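Down below is the structure, laid out as structure tokens.
Number of protein chains: 2
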Amino acid sequence: MTTISIIGSGNMATAIGTRAAKHGHSVELMSRNPAQAQALANQIGHGATAGTYGERPAGDIVILAVLYAGAIDVVAHFGDALAGKILVDITNPFNADGSGVVTTPGNSATQQIAAVAPEGARVVKAFNTIFGGVIAADQPVDLFFAGDGAEAKAQVATFLESLGMRPLDTGGLEMTHALEWAGILLVGVARNGAGFDIALSAEAV
Amino acid sequence: MTTISIIGSGNMATAIGTRAAKHGHSVELMSRNPAQAQALANQIGHGATAGTYGERPAGDIVILAVLYAGAIDVVAHFGDALAGKILVDITNPFNADGSGVVTTPGNSATQQIAAVAPEGARVVKAFNTIFGGVIAADQPVDLFFAGDGAEAKAQVATFLESLGMRPLDTGGLEMTHALEWAGILLVGVARNGAGFDIALSAEAV
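Taken in order, these protein sequences are the chains called A and B. All you need for this note's numbering is the position in the first sequence, starting with 1, plus 436. All you need for this note's numbering is the position in the second sequence, starting with 1, plus 436.
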């Protein structure tokens with residue numbers, strides 16, 4: 437059991453926080469809106485707490501459960517409070533019609549976040565290729581992730597396993613742009629007949 | 437049973453041709469090197485034949501099983517011989533180290549092929565998110581595809597189903613760039629611990 441800090445109070449913060457709490461983790465919620473953070477902590481239960489937005493998170497793993505449009509500003513706002521933390525970027529920088537991403541190779545959302553993160557922080561992308569409803573279903577599921585730092589990735593993988601997810605390492609920070617396109621692929625297949633109760637996975641053949 | 441024409445005689449041509457022939461399709465092989473096409477036809481058996489490179493393919497579905505570097509030239513070379521055909525682009529336009537693709541949004545390999553294809557041809561991307569060895573294993577497997585033209589896509593889906601594959605429609609021609617990045621993702625996850633006996637899929641949750 438570890439402490440997980442989640443910045444955000446929306447759909448994904450709720451789904452990840454609820455699953456983490458169910459699986460025995462201490463969950464700290466941090467939101468620009470303190471009342472929302474407290475309400476979500478109460479909803480999640482299992483001892484979940486509301487932290488103070490902008491102050492140093494309690495968890496070694498900090499999940500940035502905010503929209504891409506605000507993610508870089510959030511990291512910059514927290515600044516040195518995130519030093520030494522493992523930041524988990526879950527953003528999907530989709531364009532307006534969901535046919536592509538607004539990021540470019542070598543400058544993924546994750547790479548942009550890494551560029552503003554304080555020294556000693558390590559950034560891993562995960563949870564962007566899975567629907568919130570699928571996280572909430574709390575079933576065994578594959579989850580793709582990518583990022584730099586073997587130790588940080590190992591800690592994220594251990595966290596994912598603790599949630600009943602199979603972590604699938606896809607590579608270093610340069611692979612996070614491929615994960616952003618995988619978010620597009622997931623939505624594409626869901627919209628074109630497969631429906632939203634699906635998870636991208638890598639089946640053994 | 438239908439006739440499937442395959443342009444190419446490499447690893448993917450072999451894997452797709454062999455699986456198609458095993459599942460009852462007539463397979464025509466076309467290669468710049470006629471001896472190679474004939475040798476592959478002999479190897480595949482089940483009545484597979486060698487066609488003449490550059491002439492009109494026998495199949496309604498024509499699989500471009502060539503490398504991205506040559507694919508546009510091949511389609512231009514065939515020219516009007518491909519009029520009215522369903523062209524299946526299987527290419528992965530990877531960069532040198534496999535960390536990304538050399539194509540750009542709105543100008544995927546598939547879109548480049550569509551731009552030089554003759555009138556009435558329809559281009560669908562498929563088989564670029566699956567390893568040749570997995571095709572050869574002839575097991576049930578998911579396969580992502582994308583492209584324009586409901587009828588063309590339905591025919592490709594029927595063909596995939598006949599091979600024991602579950603076709604997963606991901607969208608229109610604009611989605612083919614996401615499939616190109618999915619090729620990168622597949623290789624990334626294979627290289628980072630999952631191994632090459634895997635298939636990208638969309639599991640029900």
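Quick reminder that beta carbons are idealized off the backbone N, C-alpha and C, glycines included. Since the model is a prediction, treat every value here as computed from it, not as a measurement.
- Nearest to V641(B) by C-alpha distance, out of A635(A), E639(A), V641(A), A640(A), is A635(A).
- Taken in chain order, the members of the stretch 627-639 of chain B whose beta-carbon sits within less than 9 Å of a beta-carbon on chain A are R627, N628, G629, A630, G631, D633, I634, A635, L636, S637, A638, E639.
- Secondary structure note for S598(A): its alpha helix (DSSP H) is the uninterrupted segment 586-598.
- In chain A, no part has a C-beta under 8 Å from the C-beta of M601(B); the shortest such distance is about 11 Å.
- Leaving aside the five residues that flank T485(B) on each side, the residues in its chain whose CB is nearer than 6 Å to its CB run, in chain order, E464, A477.
- One thing to note: V552(B) has its Cβ no nearer than 9 Å to the Cβ of F632(B).
- With three or more CB-CB distances shorter than 8 Å, the stretch 517-531 of chain B counts as touching the stretch 578-597 of chain B.
- The beta carbon of G487(A) lies closer than 8 Å to those of S441, E464, L465, M466, A473, P493, A494 in the same chain, with the five residues before and after it left out.
- The three-state secondary structure of F514(A), taken from DSSP, is helix.
- DSSP lists T540(B) as the beta-bridge partner residues of N543(B).
- S598(B) does not reach chain A, its nearest Cβ partner there being about 18 Å away, counting only Cβ pairs nearer than 9 Å.
- Within chain B, no C-beta atom comes nearer than 7 Å to that of D584(A); the closest sits roughly 13 Å away.
- Put simply, the stretch 606-614 of chain A touches the stretch 535-545 of chain B. At least three CB pairs are less than 8 Å apart.
- DSSP places G569(B) inside the alpha helix (DSSP H), whose first and last residues are 568-573.
- Contact of A573(A) with chain B is assigned, a C-beta pair being separated by under 9 Å.
- By the Cβ neighbour-count rule, P541(A) is buried, with 16 or more other Cβ atoms within 10 Å of its own.
- About 19 Å separates the CB atoms of K458(A) and D578(A); that is not less than 8 Å, and the two are not in contact.
- Neighbours of P541(B) across chain A, judged by C-beta separation under 7 Å: G536.
- Ranking I620(B), V560(B), A572(B) by CA distance to the CA of D605(B) puts V560(B) first.
- Look at D578(B): its C-beta is under 9 Å from a C-beta on chain A.
- Interface with chain B (9 Å Cβ-Cβ cutoff): M611(A) is included.
- Per DSSP, A449(A) lies in no beta strand (DSSP E); the unbroken alpha helix (DSSP H) holding it starts and ends at 447-458.
- A475(B) sits in a helix when the DSSP states are folded into three classes.
- Where E610(B) is concerned, there is no enclosing beta strand (DSSP E), because DSSP gives it neither an H nor an E.
- Cβ atoms of E491(B) and A512(B) stay farther apart than 8 Å, at about 15 Å.
- Within the same chain, Cβ atoms closer than 8 Å to the Cβ of L596(A) are found at A562, L579, F581, R602, P603, the five residues on either side in sequence being excluded.
- When the beta-carbon positions are compared, L622(A) and A572(B) stay at least 9 Å from each other.
- Judged by their CB atoms, R468(B) and Y489(B) are nearer to each other than the 9 Å cut-off.
- If you draw a straight line from the Cα of A593(B) to the Cα of G515(B), it comes to about 25 Å.
- The bridge partners DSSP lists for E616(B) come to none.
- Listed along the chain, the chain A residues whose CB falls inside 8 Å of the CB of L621(B) are F580, T606, M611, A614, L615, W617, A618.
- Here P576(B) is exposed, its C-beta having fewer than 16 other C-beta atoms within 10 Å.
- Inclusion of G453(A) and I480(A) in the CB contact set at 9 Å is warranted, their separation being smaller than that value.
- Around the beta carbon of E616(A), 16 or more other beta carbons sit within 10 angstroms, so the residue counts as buried.
- Between S544(B) and A501(B), the gap from beta carbon to beta carbon reaches 9 Å or more.
- Per DSSP, M437(A) has no beta-bridge partner at all.
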